[in-house]
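Data block below; observations after.
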Ligand code: C2O
Ligand code: CU
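Residue numbers (UniProt numbering): 1 to 772.
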C-alpha cells in the first residue's frame, strides 16, 4: 500500500506540472486575442484551467493523506513539509489573485464589448461619428482598460508559479533530500525564486508595452523564438554546473580506505536522521578517522564527545583474528575455479565454483569447534574471499575484500580460523564482487550443529554432493528418534533457472515415516523474496537466521517467505504419506518426500503467510524495547536519480547517500545500540549487518510479541519501519548493506565501526578489492 500511495503521487505531481504549464501559457496569451470577443472567450476558458488545476493537487493531497493516516511520520513528514507549500501556495495565489483578476478583466471586457457594439451601431448619426474619430472613444478606453487587466502579472503569474511549484515538488520526489537542512534545499528553491522573478519581469514588460502602445501586439515569431532559445540556453547553462559537480563528486577514488567518509555517532540527543550535518564532513571526536592528516585535524577540531573519557584501545582489523594456534577440530579446503556444471535436467551452467560443485560443498561442524578453512583461488580473475554469512566470527575472519583482507587472486591462498559459536543454518559466499560471484556459484551452506546433536551422521542433502572435510568426524551419537537434516539451498542459475542446489527438476527423497526432519531453507538470489510451502504435514519454524525460536507453534498451510540471504529451519515428523516442499507456490518445483520415494505432489491449498513478529512464545532476552540505549541510529532507505561513479542511474540510498557517502555508524565495545530502519523506497531491501545478530523490537509500531526474533538478514519492504537492538560485542569494522547484492554494488552499503579500530585495507579501482 505504501508503494501505491507513494507511487501515485508521482503522476499527480507530473500532471499538476503539465496542466499548470499549459494554464500559464494560455494566461499569458489572453491579452493577444486581437479582439474584445476573443479576449472575453479566453478569459472565460481560463476559469476552466483554474478549476482543472485543483484536480491533480487534490490527487496528490489524497495520496499524502493516505500515507499520513496509515504510516508513521518518518515515511511522509519531510515530503509533506516540502510538497504542501510548493503545491498549495501557488494554487492559493491562483484563486486569490488570478481568479479575481479574471473577474475584473471579464467585467472590463463586457463593458468594452457593449460600448463597441454601441459605437458601431448603423443608426449612429454623422455628428457623433465624427466626434468619435477625433477623441478616444469610450469604447477605445474601455478596451485599453481590458488590455491592461489581461496583461497584469497578477493574472498570469500564479499559473506559472503553480507550474514551478509542481516542478520543484517533482524534483524533490525524484531527488529526495536526506534532510530538510537549508544546504539541501537552498539550490532548488533558489532556482524556483529566480525563475519566478524572471517571469514576473517579463510579464511586467509585456504590461508596459501595452501601456506604451495602447495595444497588445505580439513580437514577431523569430523574436520570440530567439528569446525562448536564449532562456533555454540560460537554464541549461545554470543547470550544467550542479550536474557536472554531482558527476564529479560521484567518481570513486582509485583507492579508498573504508574509514573515510561521514560518521554518525548515534549518541541519543545528537543523533540525526540522515547525513545532514555529516555529509558536510563533520567527524566526531573519539573516533579515529581515516589515516589522513586532514581528517585527523578535523577530528581534533570537532566537538569532543568523549574528550573526558579514556581513548578506546587502538586496534587494526588484522589483530582481531580467531585463535591462531592449536589444532583445528575440523578443517576444510575450498578451491575456487571456473567449471561447467551439469544440473539434474541436463542443463549446463558456466559457473564459478568451489571445488567444481554447484553450490559449493556443504560445510558442517559442531558448535564450539575450532574451524580452519583454506581458500585457494585457481582461476577466478576477479578474486575471491570467504564470508561466513550470519556466523558472528572475529572481524579479521569476516572475509570482506578491502575491509578485513585483500581479495585472494589467482594462485593465492588465504586461511580462516574461527570457533563456530552459534548452532544453526548459515552460508558462506565470496565477498569480492559478491553480486557477480554469488550469482555464478561461489557460495554454499554452512551448518553448525549443537554440541549434543541428535542429528544423525547421514545427512540428507538436497541437490548437493558430498562434503570436503579433510579432517575430523562428526561422532555418531545414537539419536533417540531417527532424524534427517536437509539443507534446501535455492538458487537461480544463469541460463538454467531455479534449482535446489544443482537439482532443477522435481526432487524426490525417501524418508521413513516417524523420522524427525529438519529442512534448512536458504534463499541465495538477488531481487527475489522466495516463497516455500510445506504441504501435507504440520510443521514448526524452528529457527530464523540461525537462531532457534522459543516454543514455535505448529503451522499448517502456511507459506514461508524468505528474503535474500535469509534462512528458516523447518521441522516436522515424517508421516506415512507424501509431503511436498513447494517452491514459488508451484507443484513442479520443490522437494517431494515420501516413505517409499514415490507419489505425486499434492495439490497446493490456500495458504496464509507466516509472520515471525507474533510467532512462538516470549522468552527473556538480554535487552528489549525499554532498555536504555547507548546509541540510537536511524537508517532511511530511499531511492533517487543521480550519479554513482559517473553513471547516471536510479540510486538506492541509505540516509540520502550511496557508498562511500553513506554515514558509518560509530559504536564503542559494550554499547547497547538501537537502529530504526525506515524504508521510504519502492523496493524490498534485505538488510544484513555483519558480525552481529539484531533483535527485532517492533515493526511498523507493533511490538514483536512472540519468541525473541533475532535476525541477520531482515526483509525491509516498502513502507516498513523496524526498530532493532543489538549489543556491540564484536569489535571491528563490519559491513551493513542490502543483501540484494546488486543494490549493494550500486552503493547501498555502509559500515558499523568500533571506536579505535582501523583497517589497513582499501577498496577501489587502484586496488584489487571490490567487495560488492
Ligand atoms: Cu552475505 Cu555482506 O554478505
Ligand atoms: Cu536493496
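All residues carry an ideal CB built from backbone N, CA and C; glycine is no exception.
For residue i, the three-state DSSP class (helix, strand or coil)
i	result
residue 478	Here residue 478 scores only 47 on pLDDT, less than 50, and its place in the model is too uncertain to base an answer on.
residue 608	strand
residue 130	Reliability of the predicted coordinates at residue 130 is poor, the pLDDT of 48 falling under 50, and the value obtained from them is presented with this limitation in mind. It is helical.
residue 379	coil
residue 90	helix
residue 267	coil
residue 397	helix
residue 466	Confidence at residue 466 is low in this model, with a pLDDT of 42, below 50, so the placement of that residue should be treated as unreliable; the coordinate-derived value is given next. Coil at residue 466, not helix or strand.
residue 557	coil
residue 64	helix
residue 682	coil
residue 743	helix
residue 527	coil
residue 39	helix
residue 121	coil
residue 285	Unreliable placement is indicated for residue 285, whose pLDDT of 33 sits below 50; the coordinate value is still reported in the next sentence. If DSSP states are grouped into helix, strand and coil, residue 285 belongs with coil.
residue 241	helix
residue 17	helix
residue 628	coil
residue 71	coil
residue 3	helix
residue 549	coil
Nearest-angstrom Cβ-Cβ length linking residue i and residue j, presumed shorter than 8 Å
i	j	result
residue 78	residue 169	Actually they do not touch by this definition, with Cβ atoms about 12 Å apart.
residue 188	residue 171	6 Å
residue 637	residue 654	6 Å
residue 355	residue 335	6 Å
residue 192	residue 640	Not confirmed; about 19 Å, so no contact.
residue 98	residue 149	Not a contact, Cβ separation roughly 12 Å.
residue 392	residue 756	Not quite, the Cβ-Cβ distance comes to about 19 Å (not below 8 Å), so this is no contact.
residue 710	residue 545	7 Å
Own chain partners of residue i with C-beta closer than 7 Å, once the 5 adjacent residues on each side are dropped
i	result
residue 619	550, 707 and 708
residue 409	377, 383 and 768
residue 318	396 and 760
residue 423	367, 448, 449 and 450
residue 255	762, 764, 766 and 767
residue 322	393, 394, 397, 417, 418 and 419
residue 185	177
CB contact flag (residue i, residue j, <7 Å)
i	j	result
residue 781	residue 689	The shown model of the chain, from 1 to 772, leaves out residue 781, and the question about it has no answer.
residue 13	residue 60	yes
residue 725	residue 695	yes
residue 731	residue 761	no
residue 163	residue 21	yes
residue 431	residue 771	yes
residue 266	residue 633	yes
residue 403	residue 258	yes
residue 367	residue 448	yes
residue 560	residue 610	yes
residue 353	residue 339	yes
residue 320	residue 396	yes
residue 678	residue 74	yes
residue 658	residue 764	no
residue 58	residue 16	no
residue 529	residue 490	no
residue 593	residue 500	no
residue 646	residue 19	no
residue 119	residue 141	no
residue 418	residue 380	no
residue 662	residue 735	no
residue 425	residue 569	yes
residue 586	residue 601	no
Close Cβ partners of residue i (< 8 Å) along its chain, the five nearest in sequence each way excluded
i	result
residue 89	161 and 165
Same chain, Cβ closer than 6 Å to residue i, five either side skipped, listed in chain order
i	result
residue 195	164
residue 347	496
residue 631	266, 667, 671 and 673
Original post:
Does the count of Cβ pairs from the region 503-511 and the region 355-363 closer than 8 Å reach three?
Top reply: Contact fails: fewer than three Cβ-Cβ distances are below 8 Å.
Original post:
Counting Cβ pairs, one atom from each stretch, are 3 or more of them under 8 Å apart for the region 89-109 and the region 32-46?
Top reply: Touching, yes, given that three or more Cβ pairs across the two stretches are closer than 8 Å.
Original post:
Between the region 524-535 and the region 576-589, do at least 3 Cβ pairs fall closer than 8 Å?
Top reply: At 8 Å Cβ cutoff, the stretches touch.
Original post:
Does the region 714-725 touch the region 603-615, meaning 3 or more C-beta pairs lie closer than 8 Å?
Top reply: The region 603-615 is not in contact with the region 714-725.
Original post:
Given 8 Å as the limit, is there contact between the region 514-522 and the region 394-403, that is, 3 or more CB pairs closer than that?
Top reply: With a cut-off of 8 Å, the region 394-403 and the region 514-522 do not count as touching, because too few Cβ pairs lie within range.
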